[in-house]
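Q:
Numbering (my numbering), first residue to last: 12 to 739.
#1: If the criterion is Cβ atoms closer than 8 Å, does the pair residue 250 and residue 332 meet it?
#2: What three-state label does DSSP hand residue 732 in the structure shown?
#3: The alpha helix (DSSP H) with residue 233 in it runs from where to where?
#4: Taking DSSP as the reference, what is the three-state secondary structure of residue 109?
#5: Do you know whose CA, among 252, 208 and 235, lies nearest residue 214's CA?
#6: So for residue 564, helix, strand or coil by DSSP?
#7: Under the DSSP definition of a beta bridge, which residues are partnered with residue 123?
#8: Beta carbon of residue 44, beta carbon of residue 231: below 8 Å?
#9: Tell me which residue opens and which closes the beta strand (DSSP E) that residue 639 is part of.
#10: Assess contact between the region 87–104 and the region 64–76, defined as three or more Cβ pairs (one per stretch) separated by less than 8 Å. Is contact present?
#11: Evaluate residue 107 with the Cβ neighbour count: other Cβ atoms within 10 Å of its Cβ, from every protein chain shown; 16 or more gives buried, anything less gives exposed.
#12: Cα-Cα, which of 200, 103, 485 and 130 is closest to residue 18?
#13: Using a threshold of 7 Å, is the CB atom of residue 222 nearer than that to any non-hydrogen atom of the ligand SAH?
#14: Check this for me: beta carbons of residue 579 and residue 380, under 8 Å apart or not?
#15: Checking the sheet assignment: what are the DSSP bridge partners for residue 321?
#16: May I ask you to report which of helix, strand or coil DSSP gives residue 380?
#17: Which residues mark the beginning and the end of the beta strand (DSSP E) in which residue 389 is found?
#18: Tell me which residue opens and which closes the beta strand (DSSP E) that residue 764 is part of.
#19: Return yes when the Cβ of residue 629 is within less than 8 Å of the Cβ of residue 325, no when it is not.
#20: Would residue 701 pass as a contact of residue 261 if the rule is Cβ separation under 8 Å?
#21: Can you find the residues in the same chain that come closer than 7 Å, C-beta to C-beta, to residue 83, ignoring five residues on each side of it along the sequence?
#22: Provide the residue(s) that pair with residue 345 in DSSP beta bridges, ordered along the chain.
#23: Applying the criterion that 16 or more other CB atoms from any shown protein chain within 10 Å of the CB defines a buried residue, is residue 289 buried or exposed?
#24: Quick one: what's got a C-beta closer than 7 Å to residue 23's C-beta in the same chain, skipping five residues either side?
#25: Cβ atoms of residue 643 and residue 497: under 8 Å apart, would you say?
#26: Grab the span of the alpha helix (DSSP H) containing residue 302 for me, first residue to last.
#27: Would you list the one or two residues that DSSP bridges to residue 51?
#28: Quick one, which of 141, 518, 35 and 374 has its alpha-carbon nearest residue 48's?
#29: Measure the CB-CB distance between residue 277 and residue 423 and report whether it falls below 8 Å.
#30: If you compare alpha carbons, which of 367, 594 and 662 is closest to residue 488?
#31: Between the alpha carbons of residue 153 and residue 712, how many angstroms are there, rounded?
#32: So, does the region 282–299 touch the region 356–363, judging by three or more C-beta pairs under 8 Å?
#33: CA-CA distance, residue 177 and residue 229?
#34: Let's test the definition: count the other Cβ atoms within 10 Å of the Cβ of residue 122 and tell me whether it reaches 16, buried, or not, exposed.
#35: In whole angstroms, what separates the C-alpha of residue 507 from that of residue 562?
#36: Cβ atoms of residue 481 and residue 297: under 8 Å apart, would you say?
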């Protein structure tokens, strides 16, 4: 069978199951085979009935000696009661609402059962177990006196594994599921295909031999139905290595392409930069100076810079990027600062305008709602003419900057804030060739990324890190607030407002799975419903706080369904002290700077990751006032509270990011779940040793075979991989 055969061609996939499988991303036989188990239920040992205890997950094998069906009419329930016996005893087995079981497991049937043992007043029983008929026995097993007269009845050899069992014996794979698609159904589809499965191996033989990797066909068979956990681990490592090496090949090829492009070299002007630094109202940290120097050295090269500037909340990334922009402007070239939201673009415009006043540099702002040059509002058409003439040295904006009718005279540097929030096409639009040269690219993120994740996802980027906090910045006091202490927290908020301070209250994001939608809803409708649910959560919290908790305070709300104009107005009013409290969704996570805000309250804090909670916390503590972060937890779960305790004890975003990735996995961290990278490859992003091996082998391969002409299967695999993967 061809692995690219559409899934609907399989015998047991009908029109009802097809859309359900598609929801799991399963459209071809390959998708099905590469839908790997999340875990395994261990039924490698067959228990004897006389030895079982309550609470155990076990496999037993025996004969159905009695089975009957009972209907409970008031509750509309069907109960199947069976007695199964082996050589050591008998056990009651119960199935609920599965009337077909009685037809399949008639008296005299030999069966293998797997499930959990329960205990009630009538004794031990097995509830809703998986079951399989046993079709093959060892008929040469020794006969006892009791069975000598029943030679026609096969005797089960309890120590002999039954090779035909896929649901109840051995290591049973448990898959990621969706409504209507169970692990049992997936095993039912996958197992017959694996019997004759063969595919050519794209990994060069010398690499497989070096690391003792199994062939791809064997790895696929083993990962679904391993004989033991050691074999499963070996298969996983081989398949994870495949994903990581393709990722490294992709990154190295992208870097090579970039290094072949031409860019404008911008020479470092020591006197200019020293003069700029001396006029700053604060002292630069050592990390800021090192990062700036790395950027200046990149700008001097004749090929484009491709650097990620990674810094914790409030670490001073903007001023480092601005130093590069000042250097670029002094050389006669233009710089773009691209922000993900209008609020953040306006904030950059105000901050940068203050820092470069008196430097003879023209600065412009272009967003969906208007255009400004040096603080003066002008028409967009006039703004675009000024940009195309080269009169504006630094252009700050949102997506509006990358419209087709915006032309630059001599663009040499592009700075993207929170770069993962911009799509690939948008980045390419910014990096279009101008006069046969490509602008330098500096990406900034306030999300501290674990080093291993950064090396993998941004393998084609150079990385600068700012870890130090600005001097004289007070540590934010963080506390977990349980439901019993909520009144004390509300009193504390009133006290802070009485001092003239302001408060953020963040509501948890409503997940898509929590919203009930009809089966024919489109993705667009799903997103709309999610936004509606987020807004509803904020509106309900706003209503509760303004009417019951703080009726005498001025409260505003902010959510994703509001028009940009209304959002900007609320943020401006909050900054201008017209409101005491702002109730918001996670839209305030990135970049919002309200120096007077001293309290960050996070509702249902356990529903956010550590890295995101740290981002929220960074919205306060931006002035001389002592600031606080209150983590409202609605659960008494020890694991959850231990996670929140880590936030109380640690204010280092990089340490928290490592913990967050360890807890939630790389897929959830940094929002790369929809990257196109398979779950196994995603999980392997945390495996430093495997990443290093993959990077080494990718480099070695490209050194000997730059275009992979000697490895056509690998080249084909890479081409397909590049179409699927993207990290935003």
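Backbone N, C-alpha and C define an ideal beta-carbon position, used for all residues, glycine too.
Here the structure is a predicted model, which is why all the values come from computation and not from measurement.
A: Per the coordinate set shown:
#1: As a working mapping, residue 250 is identified with position 239 in the chain shown. As a working mapping, residue 332 is identified with position 321 in the chain shown. It is not a contact, given that the beta carbons lie outside the stated cut-off.
#2: Residue numbering aside, residue 732 sits at position 721 when the chain shown is read from its first letter. Helix, per DSSP.
#3: Looking up residue 233 in the chain shown gives position 222. Annotation for residue 233: the continuous alpha helix (DSSP H) segment containing it runs 227–235.
#4: The sequence position of residue 109 within the chain shown is 98, counting from 1. Here residue 109 sits in coil by DSSP.
#5: As a position in the chain shown, residue 214 is number 203, starting the count at 1. It is 252.
#6: The residue given as residue 564 occupies position 553 in the chain shown. Residue state, collapsed to three classes: coil.
#7: Taking the chain shown and counting its residues from 1, the one referred to as residue 123 is at position 112. Beta-bridge partners assigned by DSSP to residue 123: 72 and 143.
#8: Residue mapping note: residue 44 aligns to position 33 of the chain shown, counting from 1. Residue mapping note: residue 231 aligns to position 220 of the chain shown, counting from 1. It is a contact, given that the beta carbons lie within the stated cut-off.
#9: Within the chain shown, numbered from 1, the residue matching residue 639 stands at position 628. Counted as a single uninterrupted DSSP element, the beta strand (DSSP E) harbouring residue 639 occupies residues 639–643.
#10: Per the Cβ contact rule, the region 87–104 is in contact with the region 64–76 (3 or more Cβ pairs under 8 Å).
#11: Here residue 107 refers to the residue found at position 96 when the chain shown is read from its first residue. Residue 107 should be labelled exposed.
#12: If you number the chain shown from 1, residue 18 lands on position 7. Answer by Cα proximity: 200.
#13: Looking for the ligand SAH in the displayed structure turns up nothing, as the structure carries no ligands at all.
#14: Against the chain shown, residue 579 aligns to sequence position 568. Against the chain shown, residue 380 aligns to sequence position 369. The Cβ-Cβ distance between residue 579 and residue 380 falls below 8 Å.
#15: Counted from its first residue, the chain shown places residue 321 at position 310. The partner list for residue 321 (beta bridge, DSSP) reads 456 and 476.
#16: Within the chain shown, the letter at position 369 stands for residue 380. Three-state DSSP puts residue 380 in coil, outside helix and strand.
#17: Within the chain shown, numbered from 1, the residue matching residue 389 stands at position 378. Where residue 389 is concerned, the enclosing beta strand (DSSP E) stretches over 387–389.
#18: Outside the shown range of the chain (12 to 739) lies residue 764, about which nothing can therefore be said.
#19: Looking up residue 325 in the chain shown gives position 314. Looking up residue 629 in the chain shown gives position 618. A contact, by the Cβ cut-off of 8 Å.
#20: The residue given as residue 701 occupies position 690 in the chain shown. The residue given as residue 261 occupies position 250 in the chain shown. Against a cut-off of 8 Å, the Cβ pair of residue 261 and residue 701 comes out as no contact.
#21: Here residue 83 is taken as the residue at index 72 of the chain shown, counted from 1. Closer than 7 Å at the Cβ level, and outside the excluded window around residue 83, lie 90.
#22: Your numbering for residue 345 matches position 334 in the chain shown. Looking at the DSSP assignment, residue 345 forms a beta bridge with 422.
#23: As a first step, residue 289 is located in the chain shown; it is residue number 278 there, counting from the start. So residue 289 counts as exposed.
#24: Along the chain shown, one-based indexing puts residue 23 at 12. Around residue 23: 199 and 200.
#25: On the chain shown, position 486 is the one that residue 497 refers to. On the chain shown, position 632 is the one that residue 643 refers to. Cβ distance < 8 Å, so residue 497 and residue 643 count as in contact.
#26: Here residue 302 corresponds to residue number 291 of the chain shown, with the count starting at 1. It spans 297–310 - the alpha helix (DSSP H) in which residue 302 sits, taken as one unbroken run.
#27: As a working note, residue 51 is residue 40 in the chain shown. Paired residue(s): 184.
#28: Counted from its first residue, the chain shown places residue 48 at position 37. The shortest C-alpha separation from residue 48 is found at 35.
#29: Sequence index remark: in the chain shown, residue 277 carries index 266 (1-based). Sequence index remark: in the chain shown, residue 423 carries index 412 (1-based). Contact: yes.
#30: Indexing the chain shown from 1 puts residue 488 at position 477. In this structure, 662 is the residue among 367, 594 and 662 with its C-alpha nearest to the C-alpha of residue 488.
#31: Taking the first residue of the chain shown as position 1, residue 153 is located at position 142. Taking the first residue of the chain shown as position 1, residue 712 is located at position 701. Legend: pLDDT at residue 153 = 40, less than 50; position of this residue unreliable, no value from coordinates given.
#32: Segments in contact, no.
#33: For the purposes of this step, residue 177 is taken as residue 166 along the chain shown, with counting starting at 1. For the purposes of this step, residue 229 is taken as residue 218 along the chain shown, with counting starting at 1. Answer to the nearest angstrom: the Cα atoms are 17 Å apart.
#34: Counted from its first residue, the chain shown places residue 122 at position 111. Buried: at least 16 other Cβ atoms inside 10 Å.
#35: Your numbering for residue 507 matches position 496 in the chain shown. Your numbering for residue 562 matches position 551 in the chain shown. Approximately 16 Å, taken between the alpha carbons.
#36: To locate residue 297, count along the chain shown from 1; it is residue 286. To locate residue 481, count along the chain shown from 1; it is residue 470. Contact: no.
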